[in-house]
Amino acid sequence: MDVTVSELMELFLQSPLVTWVKTFGSFGSGNQDNLTMYMDLADGIFLNQIMLQIDPRPSNQRINKHVNNDVNLRIQNLTILVRNIKTYYQVSPGDSSSSHPADTHLPCPGTGKQRRERLV
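Position 112 of the sequence shown, counting from 1, maps to 112 under full-length UniProt numbering, and the rest follow consecutively.
Now the structure itself:
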């Protein structure tokens with residue numbers, strides 16, 4: 001069975017992850033086409049905004065808001081996102097649980113340690 005890129009994109013945009021992302025705001029609202037929504041996720045801008053809602057502590061790094069299909073800027077944004085997620089889930093030495101209580105906004109059930117293992 002041959003599957004086109006547009007069909008794969010459609011399947012991805014109907015996935016539970018994207019459904020969860022849509023609960024955080026204006027993502028996917030209006031008449032955006034699938035490519036635009038996909039690129040909004042791939043650019044990392046919207047995902048970084050979600051991370052700021054989950055963990056509003058200030059970060060020294062600024063995301064690039066105008067990626068314009070630049071792969072390097074996209075990688076920088078996603079690297080910042082991964083670094084912020086890792087920082088959020090870091091545990092102090094000797095601490096056996098996450099310093100953050102269970103958050104119902106997070107897609108991964110389980111203890112802090114189990115969620116960290118899934119993310120890493």
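Ideal Cβ placement from N, Cα and C applies to all residues, glycine included. Bear in mind the structure is a predicted one, so any value in this text is a computation, not a measurement.
(message) Counting C-beta neighbours from all protein chains within 10 Å, is the total for L47 16 or more, i.e. buried, or is it exposed?
(response) Translated into the one-based positions of the sequence shown, residue 47 becomes position 47. With a threshold of 16 other beta carbon atoms within 10 Å, L47 meets it and is buried.
(request) Check whether the Cβ atoms of L13 and M37 lie closer than 8 Å to each other. (result) Position 13 of the sequence shown, counting from 1, holds the residue named residue 13. Position 37 of the sequence shown, counting from 1, holds the residue named residue 37. Yes; because the gap between Cβ atoms is below 8 Å, this pair is in contact.
(request) Have a look at P16 and K22 and give me their C-alpha separation to the nearest angstrom. (result) The residue given as residue 16 occupies position 16 in the sequence shown. The residue given as residue 22 occupies position 22 in the sequence shown. For P16 and K22, the distance between alpha carbons rounds to 10 Å.
(request) Report the residue from N34, L41 and F24 whose alpha carbon sits nearest the alpha carbon of L11. (result) As a working mapping, residue 11 is identified with position 11 in the sequence shown. Closest option to L11, Cα to Cα, is N34.
(request) Measuring alpha carbon to alpha carbon, tell me which of F24, S59 and R62 ends up nearest L41. (result) Position 41 of the sequence shown, counted from the start, is the residue given in the question as residue 41. Nearest C-alpha to L41: F24.
(message) Could you compute how far the alpha carbon of residue 128 sits from the alpha carbon of V67?
(response) Here the chain comprises residues numbered 1 to 120, so residue 128 is not present and cannot be evaluated.
(message) On the CB-based measure, 16 or more other CB atoms within 10 Å of its CB, does D70 come out buried or exposed?
(response) Looking up residue 70 in the sequence shown gives position 70. By the neighbour-count rule (16 or more Cβ atoms within 10 Å), D70 is not buried but exposed.
(request) Assuming residue 131 contacts Q53 (C-beta within less than 8 Å), just tell me the rounded distance between them. (result) Outside the shown range of the chain (1 to 120) lies residue 131, about which nothing can therefore be said.
(message) Closest to N77 by C-alpha separation, out of S59, G44 and M9, would be which residue?
(response) To locate residue 77, count along the sequence shown from 1; it is residue 77. Distances from the alpha-carbon of N77 to those of S59, G44 and M9 put G44 closest.
(request) Can you have a look at N84 and say buried or exposed, based on whether 16 or more other CB atoms are within 10 angstroms of its CB? (result) In the sequence shown, counting from the first residue as 1, residue 84 sits at position 84. Buried: at least 16 other Cβ atoms inside 10 Å.
(message) Just to confirm my understanding: we take N72, look at its own chain, exclude 5 residues before and 5 after, and list those with CB closer than 7 Å. What are they?
(response) Start at 1 with the first residue of the sequence shown, and residue 72 comes out as number 72. Result list for N72: empty, nothing under 7 Å.
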